[in-house]
Amino acid sequence: MRSVFLVLLILLSSFAAVAHARSVTDHNGRVVEVPDAPQRIVSLHDWTLTAMATELGAPLIASNGRLAADGSMFIRGGRELFGLDFTKVELASIHGKPDLERIRALRPDLIVANAGDYSALAEQLSTIAPTLMFNAENGKPGFELYREFAGWIGREQRFDELQAAYRTRIKALREKLSGATADRSYAAILTNGRDGTLSVLKEYGVLTTVLDDLGLQRVALTETVPQSTSRMTIGAELIGELDADLIVTSYLPETGGTPQTVFDDLDRIASGYRDFLHAYANKRIFSFSRYEVYPTSFRGAGLLLDQFEEKLR
223 MRSVFLVLLI LLSSFAAVAH ARSVTDHNGR VVEVPDAPQR IVSLHDWTLT AMATELGAPL
283 IASNGRLAAD GSMFIRGGRE LFGLDFTKVE LASIHGKPDL ERIRALRPDL IVANAGDYSA
343 LAEQLSTIAP TLMFNAENGK PGFELYREFA GWIGREQRFD ELQAAYRTRI KALREKLSGA
403 TADRSYAAIL TNGRDGTLSV LKEYGVLTTV LDDLGLQRVA LTETVPQSTS RMTIGAELIG
463 ELDADLIVTS YLPETGGTPQ TVFDDLDRIA SGYRDFLHAY ANKRIFSFSR YEVYPTSFRG
523 AGLLLDQFEE KLR
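Residue 350 in our numbering is what sits at position 128 of the sequence shown, and the numbering runs on without skipping anything.
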């Protein structure tokens with residue numbers, strides 16, 4: 223009987239070692255024991271974590287969702303990039319309304335959450351399953367963060383495959399567009415027509431990543447964005463510092479945003495911009511759906527490359 227007990231104890235210990243085989247340091251500096259190969263991942267940020275987990279083919283069982291104007295639920299970014307909806311994964315929580323009991327009932331073996339939304343709940347979530355906090359705007363390049371995340375969930379190989387295909391496409395397009403991108407500059411911004419400010423973007427999903435990889439140079443103002451963040455707010459008096467060959471931004475369809483929104487906002491913020499921004503004079507102010515360019519995904523990067531191939535030729 224004693225020998226049987228010892229065998230069972232060894233087996234249970236081995237199972238525990240397999241189930242929690244790695245230590246991961248998340249973006250909040252927390253060291254978390256995570257499953258070596260998680261099988262039931264719950265994502266609490268749709269257009270970063272859910273999008274990446276889906277593209278990597280991870281065993282995602284649930285995601286947070288957003289409430290649309292018609293009362294339906296949708297997965298921001300996941301819907302547009304991958305056709306993901308709540309017939310394919312469970313609803314973990316409504317964005318901005320954490321539901322710990324619903325998450326617990328899903329029986330996850332790993333929870334991944336956005337640090338900006340869930341840091342205060344990290345310990346409570348950790349009573350349900352190992353929980354990792356991800357910060358998409360800590361100043362690191364998008365694909366560097368993506369590869370970190372892939373390592374957290376044991377999907378580095380798939381990430382490397384996707385990145386290799388992306389690099390092949392970038393190389394071919396750089397050669398094709400060399401005349402349109404060589405020695406050219408860009409500024410990535412967000413406009414806020416309500417308070418008259420602009421955000422200068424250092425890192426912004428695939429939007430800045432693709433332009434960097436195509437060989438365009440950032441305007442000098444970008445280098446003043448603090449190291450540990452991805453953006454900074456400026457007033458209208460600095461708009462001249464954004465006088466680049468190319469200005470890019472994004473709009474949010476769910477709030478009524480369109481490609482025209484940036485021009486309407488700039489009219490409110492700095493009404494004379496049309497007279498001195500070369501990008502406006504040369505029809506080089508481009509606005510893209512935020513659903514596609516804010517998530518860090520190779521699918522989104524590919525869609526953006528398709529558009530730049532057309533716009534920059």
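Positions of the beta carbon are idealized from the N, C-alpha and C atoms, including for glycine.
Give the DSSP-derived three-state secondary structure of residue 508 in the structure shown.
-> strand
Beta-carbon spacing of residue 352, residue 256 below 8 Å = yes
Within its chain, find whatever has a CB closer than 6 Å to the CB of residue 298; leave out the 5 residues flanking it on each side and keep chain order.
-> 268, 269, 288
Cβ atoms of residue 461 and residue 420: under 8 Å apart, would you say?
-> yes
What whole-angstrom Cβ distance do residue 511 and residue 472 have, given they're in contact under 8 Å?
-> 7 Å
Taking all protein chains shown into account, do 16 or more other C-beta atoms lie within 10 angstroms of the C-beta of residue 508, making it buried, or fewer, making it exposed?
-> buried
DSSP three-state assignment for residue 541, whether helix, strand or coil | Outside the shown range of the chain, which is 223 to 535, sits residue 541, and nothing can be said about it.
What residues match up with residue 411 in a beta bridge as DSSP calls it?
-> 422
What residues match up with residue 315 in a beta bridge as DSSP calls it?
-> 286
Could you tell me how far apart the beta carbons of residue 523 and residue 446 are, in whole angstroms, since I believe they sit closer than 8 Å?
-> In fact, because the Cβ distance is near 26 Å, the residues do not count as touching under 8 Å.
Using only the heavy atoms of the ligand FMN, determine whether one of them is closer than 7 Å to the beta carbon of residue 429.
-> The ligand FMN is absent from the structure shown, which contains no ligands of any kind.
For residue 323, is the classification buried or exposed, using 16 other Cβ atoms within 10 angstroms of its Cβ as the cut-off for buried?
-> exposed
Can you grab the Cα-Cα spacing for the pair residue 490 / residue 417, in whole Å?
-> 9 Å
Member of 410, 478, 405, 532 whose CA lies at the smallest distance from the CA of residue 454 | 410
Residues bridged to residue 447 by DSSP?
-> Paired residues: none, contrary to the question.
Specify the secondary structure class of residue 472 as computed by DSSP and reduced to three states.
-> strand
Terminal residues of the alpha helix (DSSP H) in which residue 373 lies = 364-374
Within 10 angstroms of the Cβ of residue 393, are there 16 or more other Cβ atoms? Answer buried if so, exposed if not.
-> exposed
Could you tell me how far apart the beta carbons of residue 355 and residue 335 are, in whole angstroms, since I believe they sit closer than 8 Å?
-> 6 Å
The alpha helix (DSSP H) spanning residue 483 covers which residue range?
-> 483-491
Contact under 8 Å by Cβ, residue 425 with residue 517 = no
Cα separation between residue 358 and residue 535?
-> 31 Å
Residue 521 by DSSP, collapsed to three states: which one?
-> helix
Spatial distance of residue 515 from residue 260 (CA atoms) | 28 Å
Taking C-beta to C-beta, are residue 413 and residue 487 nearer than 8 Å?
-> yes
Using CA coordinates, which residue listed in 246, 326, 280, 466 is at the minimum distance from residue 405?
-> 466
Who are the Cβ neighbours of residue 258 in its own chain at under 6 Å, not counting the five residues just before and after it?
-> 243, 244
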